[in-house]
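Data block below; observations after.
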Amino acid sequence: MSRQTVLFDAPGPRARRNVRVGNWVGAVVVIGIAVFVLIQLNAAGQLRPELWAVVVDPDSWRYNFLPGLQNTLVAAAYAIVTSVVFGLLFGVGRLAANRALRWFSGVVVEFFRAVPVLVMMVAGYQILGRFTAVSGTAQLLLSVVIALTLYNGAVIAELVRSGVHGLPKGQREAGLAIGMTRGQSIRSIELPQALIAMLPSLVSQFVVILKDTALGYIIVYPELLRSARLLGSGAPFAILQSLFVAALIFIVLNYLLSKVAELVARKVGGRTSGKARANPAPPNAVTVPAVGGGTQ
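If you read the sequence shown in UniProt numbering, its first letter stands for residue 1, the second for the next number, and so on.
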């Protein structure tokens with residue numbers, strides 16, 4: 001019996017026919033909406049060749065799209081790494097045996113989860129500008145990375161806590177039974193399993209980080225969205241076309257990120273399931289005769 005039929009009843013011929021009809025109806029509706037939008041854009045003059053020529057011009061990619069994409073990827077890469085570190089530290093802190101450490105970690109996590117990313121980005125920009133010597137592009141990049149790290153790191157910390165709490169209690173009891181402390185059990189037994197279990201949610205948070213780099217346009221960080229807006233605001237006014245290209249780039253990036261995460265999940269899951277298989281008995285294992293004359 002397949003896993004799907006265990007979770008729910010397999011659809012019969014009538015149900016499969018209804019599903020196919022629903023899919024065709026949905027496809028027709030989507031195509032109709034797309035045609036309607038194209039007709040309206042054409043009536044508004046947004047499909048003129050000169051407008052779309054701007055976004056396919058090599059200079060537009062050389063001076064706008066590619067530099068903006070590079071800045072977006074740099075900010076996202078830094079923020080992903082620092083968010084994971086932040087999340088692991090405070091996630092484990094919320095699971096610590098020390099009550100004061102649990103309380104402090106909980107306050108930090110709940111505070112930064114509640115504050116909007118945009119507010120932290122603007123606040124970081126102002127603080128760095130007034131109280132540090134950091135300026136220019138470094139100030140803008142740090143403001144974006146710090147804001148994304150604090151918010152998404154707090155979310156990852158909550159994922160870590162919930163992932164560990166979602167494991168069977170026998171995992172920790174087994175670690176304590178062989179002489180481990182609570183912290184050693186969390187770090188060596190529970191946390192690795194929780195990370196594998198929460199990998200889909202973790203990837204979703206990485207996608208959020210990548211998309212939230214676009215908020216950097218508020219503090220004029222030259223990321224992809226700001227570069228597209230600057231390109232579209234020139235002559236001719238092709239803001240719709242430039243934002244459309246930026247949206248396509250974000251879609252492709254998020255799709256590739258999801259595929260890479262699926263590949264990592266399969267590899268990690270395969271190694272984990274291999275380790276979980278029972279070890280075969282050694283060749284010289286002694287078998288005990290059973291009562292009925294066989295071996296067991």
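Heads up, the beta-carbon is just placed ideally off N, CA and C, and yes, glycines get one too.
Put residue i into one of helix, strand or coil per three-state DSSP.
| i | result |
| --- | --- |
| ILE178 | coil |
| GLN139 | helix |
| VAL32 | In the sequence on display, residue 32 carries Gly and not Val. DSSP places GLY32 in helix when its eight states are reduced to three. |
| ASN18 | helix |
| VAL115 | coil |
| LYS275 | Because LYS275 sits at a pLDDT of 49, beneath the cut-off of 50, its placement in the model cannot be relied upon, and the following sentence gives the value as read from the coordinates. Here LYS275 sits in helix by DSSP. |
| THR287 | Only weak support exists for where THR287 lies, its pLDDT of 45 falling under 50; the coordinates are left without a value. |
| PRO67 | helix |
| ARG130 | helix |
| GLN193 | helix |
| PRO13 | helix |
| residue 299 | This structure gives no information on residue 299, because the portion of the chain shown stretches from 1 to 296. |
| ALA76 | helix |
| ASP57 | coil |
| PHE237 | coil |
| LEU47 | coil |
Between the C-alpha atoms of residue i and residue j, what's the straight-line distance to the nearest angstrom?
| i | j | result |
| --- | --- | --- |
| VAL115 | VAL144 | 14 angstroms |
| ILE146 | SER204 | 19 angstroms |
| LYS275 | SER188 | Any reading at LYS275 must be qualified, since the residue scores a pLDDT of 49, below 50, and its modelled position is unreliable; the value itself is stated next. Straight-line Cα distance between these residues: approximately 15 angstroms. |
| PRO255 | ALA261 | Checking the sequence shown, residue 255 turns out to be Tyr, not Pro. Going by the C-alpha atoms only, they are around 10 angstroms apart. |
| VAL28 | ARG14 | 21 angstroms |
| SER258 | GLY22 | 27 angstroms |
| VAL108 | ASP212 | 21 angstroms |
| GLN126 | SER135 | 11 angstroms |
| VAL207 | GLY234 | 30 angstroms |
| ARG16 | VAL25 | 14 angstroms |
| ASP59 | ALA246 | 15 angstroms |
| GLY45 | SER201 | 42 angstroms |
| PRO222 | SER185 | 45 angstroms |
| ALA79 | GLY153 | 9 angstroms |
| PHE36 | ALA43 | 11 angstroms |
| LYS267 | ARG48 | 48 angstroms |
| ALA214 | PHE244 | 14 angstroms |
| ILE218 | VAL117 | 11 angstroms |
| THR132 | ALA97 | 37 angstroms |
| VAL6 | LEU101 | Only weak support exists for where VAL6 lies, its pLDDT of 46 falling under 50; the value from the coordinates is given anyway. So the alpha carbons of these two residues sit roughly 43 angstroms apart. |
| ALA34 | LEU41 | 11 angstroms |
| VAL92 | ARG62 | 44 angstroms |
| VAL30 | LEU38 | 12 angstroms |
| VAL85 | ALA77 | 13 angstroms |
| THR137 | ARG130 | 15 angstroms |
| ILE196 | VAL81 | 17 angstroms |
| PRO168 | ARG99 | 23 angstroms |
| VAL220 | GLN139 | 11 angstroms |
| GLY32 | LEU248 | 21 angstroms |
Any beta carbon of chain C sitting closer than 8 angstroms to that of residue i?
| i | result |
| --- | --- |
| SER227 | Among the protein chains of the structure shown there is no chain C, as only one such chain exists. |
For residue i, which residues of its own chain have a beta-carbon under 8 angstroms away from its beta-carbon, when the five flanking residues on both sides are left out?
| i | result |
| --- | --- |
| PRO11 | VAL19 |
| VAL264 | LEU199 |
| ARG229 | TYR217, ILE239, SER242 and LEU243 |
| MET180 | SER188 and ILE189 |
| LEU66 | none |
Verify whether the separation of the beta carbon atoms of residue i and residue j is less than 8 angstroms.
| i | j | result |
| --- | --- | --- |
| MET198 | LEU159 | yes |
| ALA75 | GLY166 | no |
| TRP52 | GLN193 | no |
| LEU148 | PHE112 | no |
| LEU95 | ARG161 | yes |
| PHE90 | ALA157 | yes |
| LEU142 | LEU128 | yes |
| VAL164 | LEU191 | yes |
Can you give me the Cβ contacts of residue i inside the same chain, cut-off strictly under 7 angstroms, excluding the 5 residues immediately before and after it?
| i | result |
| --- | --- |
| LEU253 | LEU210 |
| GLU50 | PRO236 |
| ALA174 | none |
| GLU110 | none |
| SER83 | LEU148, THR149, ASN152, GLY153, ILE156 and ILE209 |
Who are the near neighbours of residue i in its chain, counting only those whose CB is closer than 6 angstroms to its CB and skipping five residues on each side?
| i | result |
| --- | --- |
| ASN64 | SER227 and LEU231 |
| LEU224 | GLY68, LEU69, THR72 and ALA246 |
| GLY106 | ARG94 |
| ILE251 | none |
(Q) Could you check whether the region 121-138 touches the region 45-60, counting it as contact only if at least three pairs of C-beta atoms, one from each stretch, sit closer than 8 angstroms? (A) no
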